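Enquirer: I have a structure here, written as structure tokens, and I will follow up with some questions on it.
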Amino acid sequence: MLKYKMYFKPKTLYQRLNSLFRSCHGESREKPSFDRIRFIQENTEISTNHMTPEIKLHLITPRCALWDSTADQCPVSDPFWAFYWPGGQVLTRYILDHGIVVKDKSVLDVGSGCGASAIAAAMTGARRVLANDIDPVAATAVKMNAKLNSVNLEISTDNLIGQRLHQWDVIFLGDMFYDEEFASTISDWLKTLRQSNSSCQILIGDPGRFSFEEHPAKSLLHKVAEYELDEVCRRENNGLTLGGVWSYDPSRTTK
Ligand SMILES: C[S@@+](CC[C@H](N)C(=O)[O-])C[C@H]1O[C@@H](n2cnc3c(N)ncnc32)[C@H](O)[C@@H]1O
């Protein structure tokens, strides 16, 4: 019950993410001697108990001590990378089921968390994959997860949201519309991205969060797939049952 993300009521999540952003840029809770690899090895287990069992991930599960701790008891700030979010799970499922979408393409996974979607892209034949997350501990976790699954990824902790990017064929956003304000920041960015690179395909995974469903940008999205969340995912994400994969496509409108 006391899983980290369950503490995060929609409104406070963005504030937590803001604090994460600060912690990733100068106010880290980590001591200089902190060993991230060791921390991840000792506080997670390798799990395939999710919607993409083809991918092994270091996750905090009910068998891990941190599962029952409060966010403040954790030595690293907000370990979002240690959970596999429902929007990321359905997006990754979609990539594994439709590898053609990324085959021989350059792929950027923004807010990559545990890195599952990026790993799926590498597994299904993407030419180049960059996993991007502003949390440096997430970067370490992605590196470890990539190794577990024998794939090569590039990893970056730069804040790319807001930047004009030209070099990507496909961009993933797994569960990044968790808050109204952040959803607006992202949708403004998507507009800019589309203007600077009209051929880039932008794929979004979301489990029907209010901040996503009610956002005006939703009318610019086209649903490409829908999955029932599996039992574990439903149990861990109270009230959510389905996850959609959406393509940002202002030329089509969907409701
Ligand atoms: C809800 S989690 C989703 C993780 C993953 N995509 C998944 O679905 O499992 C959001 C992630 O976005 C990252 N994040 C927040 N702001 C970001 C930014 N400006 N650029 C890149 N990553 C960011 C967080 O560190 C966190 O790992």
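One rule links them: number in my numbering = place in the sequence shown (from 1) + 83.
For glycine and all other residues, C-beta sits at the position ideal for the given N, C-alpha and C.
Model, not experiment: these values are computed from the prediction.
How big is the Cα-Cα spacing for D218 and A199?
Expert: The straight-line gap from Cα to Cα measures roughly 15 Å.
Enquirer: Verify the contact flag: D313, CB atom, against every heavy atom of ligand 1, threshold strictly below 7 Å.
Expert: No; taking the cut-off as 7 Å, the Cβ of D313 has no heavy atom of ligand 1 nearer than that.
Enquirer: Just the Cα atoms here: how many angstroms apart are G245 and L312?
Expert: Those two C-alpha atoms are separated by around 31 Å.
Enquirer: Taking its Cβ as the centre, do 16 or more other Cβ atoms sit within 10 Å of S270, making it buried, or is it exposed?
Expert: So S270 ends up on the buried side.
Enquirer: Report yes or no: do the region 273-286 and the region 212-226 share at least 3 C-beta pairs separated by less than 8 Å?
Expert: No: the two stretches stay apart, fewer than three of their Cβ pairs being nearer than 8 Å.
Enquirer: Classify N321 as buried or exposed, calling it buried when 16 or more other Cβ atoms lie within 10 Å of its own Cβ.
Expert: Burial call: exposed.
Enquirer: I want to check one thing, is the minimum distance from the CB of F163 to the heavy atoms of ligand 1 below 7 Å?
Expert: Checking every heavy atom of ligand 1 against the Cβ of F163, one is found closer than 7 Å.
Enquirer: Considering only residues of the same chain and omitting the five flanking positions on each side of H305, which have a CB-CB separation below 6 Å?
Expert: S330, D332, R335, T337.
Enquirer: Would you mind reading off the limits of the alpha helix (DSSP H) that contains G288?
Expert: Segment 284-289 is the beta strand (DSSP E) holding G288; no alpha helix (DSSP H) there.
Enquirer: As an exercise, report each continuous alpha helix (DSSP H) stretch of at least 4 residues that is fully enclosed by the region 258-322, in chain order.
Expert: Correct list: 263-279, 293-296, 314-319.
Enquirer: Would S130 be called buried (16 or more neighbouring beta carbons within 10 Å of its own) or exposed?
Expert: S130 should be labelled buried.
Enquirer: What residue from S239, L276, E263, A222 has the CA that sits closest to H141's CA?
Expert: The residue with the shortest Cα to Cα distance from H141 is A222.
Enquirer: Check each candidate in S195, T207, E263, L276 and name the one with the smallest Cα separation from G291.
Expert: Of the candidates S195, T207, E263, L276, the one whose C-alpha sits nearest the C-alpha of G291 is E263.
Enquirer: Can A204 be considered in contact with ligand 1, in the sense that its beta carbon sits closer than 7 Å to one or more heavy atoms?
Expert: Answer for A204: no, Cβ out of range of ligand 1.
Enquirer: Have a look at P169, K188, L213 and flag the residue whose alpha-carbon is nearest the alpha-carbon of F260.
Expert: Answer by Cα proximity: P169.
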